[in-house]
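Chemist:
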Amino acid sequence: MSGTSHQSTMSVLSSQEWDAISWVLLDMDGTLLDLCFDDTFWRVGLPNQYAEAKNIERVQAEAHINRIGKEWYGQLEWYCIDFWSEQLGFDIRPAKSTLAHLIGFRAGALAFLKWLRHSGRHVILATNAHPDSIALKDTRTDLCRWVDVVLDAHAAGAPKESPDYWQWLQEKTGFLPERTLFIDDNDHILDAAKAAGIRHLVGVHTPNSQAPAKPSRYPAFDHFQELYPVSI
């Protein structure tokens with residue numbers, strides 16, 4: 016890859032910081048992949064399917080789903096396809112599949128993954144997503160070929176919000192927290208990573224390309240162009 020294609024006058028991470036990074040942990044939804052798919056599924060696709068399945072008004076379906084989501088938010092169940100299927104009384108996978116055309120990389124994500132591969136750093140997909148969701152998205156994007164390993168919260172038995180996930184990840188990979196970069200669109204998860212000792216933490220301003228930018232308490236970016244070292 017040509018280095019000139021990544022030249023920038025500003026960078027979220029300095030060249031000195033990049034020199035100190037050997038491990039890169041990457042979230043999937045809202046970081047590498049556009050959150051438009053997930054937001055549309057939860058706000059439109061799933062409420063519509065639940066309303067049809069139960070023969071109720073859509074507003075009732077949405078309220079019921081929101082109540083469950085609020086109760087379980089940040090816990091492993093919230094991210095679990097099987098849990099939601101059990102709660103709603105039908106397999107939610109088909110509803111995801113019908114919206115699969117919305118699955119895609121965020122701007123510049125694939126080029127960034129290729130650059131990381133060329134740089135020789137360890138690259139890990141660290142996601143809360145259910146394995147079936149990962150498989151669906153990999154079918155559409157071929158994402159997994161660009162990372163060394165996929166380590167999801169369901170395999171860990173704990174979400175990224177929990178210190179148990181980071182302990183498990185450490186045991187699985189032996190990553191060095193002081194030489195690790197973690198990128199995620201969720202500040203609460205970045206807080207958990209910080210508590211686990213990860214030194215370099217970066218947020219995302221625009222996880223959903225169709226929604227307004229959001230603030231982050233961490234250094235954050237919009238386009239992956241903003242992550243490359245200024246010197247390249």
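In this note's numbering, the protein residues as written are 16 to 247.
Here a beta-carbon is modelled for each residue, glycine too, at the ideal position from N, C-alpha and C.
Keep in mind that this is a model prediction, so the values were computed, not measured.
If you draw a straight line from the alpha carbon of residue 54 to that of residue 224, how long is it in whole angstroms?
Modeler: Residue mapping note: residue 54 aligns to position 39 of the sequence shown, counting from 1. Residue mapping note: residue 224 aligns to position 209 of the sequence shown, counting from 1. Computed Cα separation, rounded: 11 Å.
Chemist: In this structure, does DSSP put residue 98 in helix, strand or coil?
Modeler: In the sequence shown, counting from the first residue as 1, residue 98 sits at position 83. Residue 98 falls in the helix class under three-state DSSP.
Chemist: Given residue 145, which residues of its chain have a CB within under 7 Å of its CB, disregarding the five upstream and five downstream residues?
Modeler: For the purposes of this step, residue 145 is identified with residue 130 of the sequence shown, where counting begins at 1. Closer than 7 Å at the Cβ level, and outside the excluded window around residue 145, lie 94, 95, 96 and 169.
Chemist: Taking one C-beta from the stretch 188-198 and one from the stretch 207-226 each time, how about it: are there three or more such pairs within less than 8 Å?
Modeler: Contact holds: three or more Cβ-Cβ distances are below 8 Å.
Chemist: Should residue 234 and residue 74 be called a contact, given that it needs their Cβ atoms to be closer than 8 Å?
Modeler: For the purposes of this step, residue 234 is taken as residue 219 along the sequence shown, with counting starting at 1. For the purposes of this step, residue 74 is taken as residue 59 along the sequence shown, with counting starting at 1. Going by C-beta atoms, residue 234 is not nearer than 8 Å to residue 74.
Chemist: What whole-angstrom Cβ distance do residue 202 and residue 42 have, given they're in contact under 8 Å?
Modeler: Along the sequence shown, one-based indexing puts residue 202 at 187. Along the sequence shown, one-based indexing puts residue 42 at 27. That pair is no contact at about 12 Å.
Chemist: What residue from 121, 216 and 226 has the CA that sits closest to residue 33's CA?
Modeler: One-based indexing of the sequence shown puts residue 33 at position 18. Nearest C-alpha to residue 33: 216.
Chemist: My understanding is that residue 142 touches residue 118, with C-beta atoms under 8 Å, so please give their C-beta distance in whole angstroms.
Modeler: Within the sequence shown, residue 142 is the residue found at index 127, counting from 1. Within the sequence shown, residue 118 is the residue found at index 103, counting from 1. About 14 Å; that fails the 8 Å criterion.
Chemist: Tell me the DSSP secondary structure of residue 167 in three-state form.
Modeler: By one-based count along the sequence shown, residue 167 stands at place 152. Correct three-state label for residue 167: strand.
Chemist: Would you call residue 154 buried or exposed, if buried means 16 or more other Cβ atoms sit within 10 Å of its Cβ?
Modeler: Locating residue 154 in the sequence shown gives position 139, where the first residue counts as 1. So residue 154 counts as exposed.
Chemist: For residue 176, count the other beta carbons within 10 Å of its own beta carbon; 16 or more makes it buried, fewer makes it exposed. Which is it?
Modeler: Translated into positions along the sequence shown, residue 176 becomes position 161. Its Cβ being crowded by 16 or more others within 10 Å, residue 176 is buried.
Chemist: Where does residue 39 fall in DSSP's three states?
Modeler: Within the sequence shown, the letter at position 24 stands for residue 39. Note: residue 39 maps to strand in three-state DSSP.
Chemist: State the CB to CB distance for the pair residue 222 and residue 40, rounded to an integer number of angstroms; the pair is presumed to be in contact (CB under 8 Å).
Modeler: In the sequence shown, residue 222 corresponds to position 207, counting from 1. In the sequence shown, residue 40 corresponds to position 25, counting from 1. Not really, about 17 Å apart at Cβ, beyond 8 Å.
Chemist: According to DSSP, simplified to helix, strand and coil, what is residue 218?
Modeler: Residue numbering aside, residue 218 sits at position 203 when the sequence shown is read from its first letter. Residue state, collapsed to three classes: strand.
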